[in-house]
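*Asks:* My questions will all concern the structure given below.
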Amino acid sequence: MMNHNSVCPFCDTVLQGKRAKQGAKSDDHIMAQWLLDHLDLRKESVTSQRVDVPSQRSMEVRHFAADRFVNGRICRGCNNGWMSQLEGKVKPILIRLLADPYELARLTTEERIVVATWTAKTAAVLNKSFSFGDPSDPLAHPIPDHHLKAIRSGELPDDIVIVGSGCASNYR
Numbered sequence: 045m046m047n048h049n050s051v052c053p054f055c056d057t058v059l060q061g062k063r064a065k066q067g068a069k070s071d072d073h074i075m076a077q078w079l080l081d082h083l084d085l086r087k088e089s090v091t092s093q094r095v096d097v098p099s100q101r102s103m104e105v106r107h108f109a110a111d112r113f114v115n116g117r118i119c120r121g122c123n124n125g126w127m128s129q130l131e132g133k134v135k136p137i138l139i140r141l142l143a144d145p146y147e148l149a150r151l152t153t154e155e156r157i158v159v160a161t162w163t164a165k166t167a168a169v170l171n172k173s174f175s176f177g178d179p180s181d182p183l184a185h186p187i188p189d190h191h192l193k194a195i196r197s198g199e200l201p202d203d204i205v206i207v208g209s210g211c212a213s214n215y216r
């Protein structure tokens, strides 16, 4: 059985070293760098934690700067290809929403799909950024592989719902 950590979760490319010509690993920033810059959050501290849900036991805690919050298990082809294109599409929409969260109600259907797809992609990259244990355990990988393939193809799986809300904030 192939180690799930040795393949890109979105395209199943076997991952090699970062300098490989085929299947090169890439550090996909879980929080988009342009968004961190826009919000001046690049050096803010991020804490991530894995918890065993049945026992509520903390299994792993990590602390790092927001601009170092990466998933190194994504292939360069996905990171620099469809993911980069999705970031380019969502950036102007999110900048508008950050300037005026009430713009959410005025988004076109296409813009809503872009934001929802970006949200699903970001959640999936975060989900796959940690080792979740035995891949034969259905709870070990909460985001199913078929969802990852759908997101990569620009579709939202039928069995997920992404809800958005806008509200004013005095943060920064």
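For what it's worth, the numbering used here labels the leading residue of the sequence shown as 45, then goes sequentially.
Note that beta-carbon positions come from the ideal geometry of N, C-alpha and C, so glycine has one too.
For clarity, every value in this text was computed on a predicted model and none was experimentally measured.
Can you say whether Met127 is buried or exposed, counting buried as having 16 or more other CB atoms within 10 angstroms of its CB?
*Replies:* Here residue 127 is taken as the residue at index 83 of the sequence shown, counted from 1. With 16 or more Cβ atoms within 10 Å of its Cβ, Met127 is classed as buried.
*Asks:* I need the DSSP call for Met127, collapsed to helix, strand or coil.
*Replies:* The count along the sequence shown starts at 1 and reaches residue 127 at position 83. In the structure shown, Met127 sits in a helix (DSSP, three-state: H, G or I).
*Asks:* Classify Cys119 as helix, strand or coil using the three-state DSSP reduction.
*Replies:* Numbered from its first residue, the sequence shown carries residue 119 at position 75. Strand, per DSSP.
*Asks:* Per DSSP, which residues does Arg106 bridge with? Please list them.
*Replies:* The sequence position of residue 106 within the sequence shown is 62, counting from 1. Arg106 is bridged to Ser92.
*Asks:* For the candidate residues Val105, Ser70, Ser197 and Gln77, whose alpha-carbon lies nearest to that of Lys135?
*Replies:* Start at 1 with the first residue of the sequence shown, and residue 135 comes out as number 91. Comparing Cα-Cα distances from Lys135 to each of Val105, Ser70, Ser197 and Gln77, the minimum goes to Gln77.
*Asks:* State the Cα-Cα distance for the pair Met45 and Asp144, rounded to the nearest angstrom.
*Replies:* Mapped onto the sequence shown, residue 45 falls at position 1. Mapped onto the sequence shown, residue 144 falls at position 100. A caution first: Met45 carries a pLDDT of 39, below 50, which makes its placement in the model unreliable, though a value can still be read off. Cα to Cα, Met45 sits roughly 49 Å from Asp144.
*Asks:* Look at Lys87 and Leu130 and say whether their C-beta atoms are less than 8 Å apart.
*Replies:* Within the sequence shown, numbered from 1, the residue matching residue 87 stands at position 43. Within the sequence shown, numbered from 1, the residue matching residue 130 stands at position 86. No, the pair does not count as a contact, with Cβ atoms beyond the cut-off.
*Asks:* DSSP three-state label for Lys62, please.
*Replies:* Looking up residue 62 in the sequence shown gives position 18. Coil at Lys62, not helix or strand.
*Asks:* Return yes when the Cβ of Thr163 is within less than 8 Å of the Cβ of Ile206, no when it is not.
*Replies:* Sequence index remark: in the sequence shown, residue 206 carries index 162 (1-based). Sequence index remark: in the sequence shown, residue 163 carries index 119 (1-based). Contact: yes.
*Asks:* Spatial neighbours of Ile196 within its chain, please: C-beta separation below 8 Å, excluding the five flanking residues on both sides.
*Replies:* In the sequence shown, residue 196 corresponds to position 152, counting from 1. Note that residue 196 corresponds to Arg in the displayed sequence, not to Ile. For Arg196, where only same-chain residues beyond five positions count, the Cβ hits under 8 Å are Phe54, Cys55, Cys122 and Trp126.
*Asks:* Go through its chain and collect everything with a Cβ distance to Asn115's Cβ below 7 Å, but skip five positions before and after it.
*Replies:* Here the question's residue 115 lines up with position 71 in the sequence shown. Correct list, in chain order: Asp72, Ile74, Val169, Lys172 and Ser173.
*Asks:* Note down the Cα distance separating Val159 from Thr152, rounded to an integer number of angstroms.
*Replies:* Translated into the one-based positions of the sequence shown, residue 159 becomes position 115. Translated into the one-based positions of the sequence shown, residue 152 becomes position 108. About 11 Å.
*Asks:* Name the residue from Gln93, Val51 and Lys133 whose alpha carbon lies nearest to the alpha carbon of Gln66.
*Replies:* On the sequence shown, residue 66 is found 22 positions in, with the first residue counted as 1. The shortest C-alpha separation from Gln66 is found at Val51.
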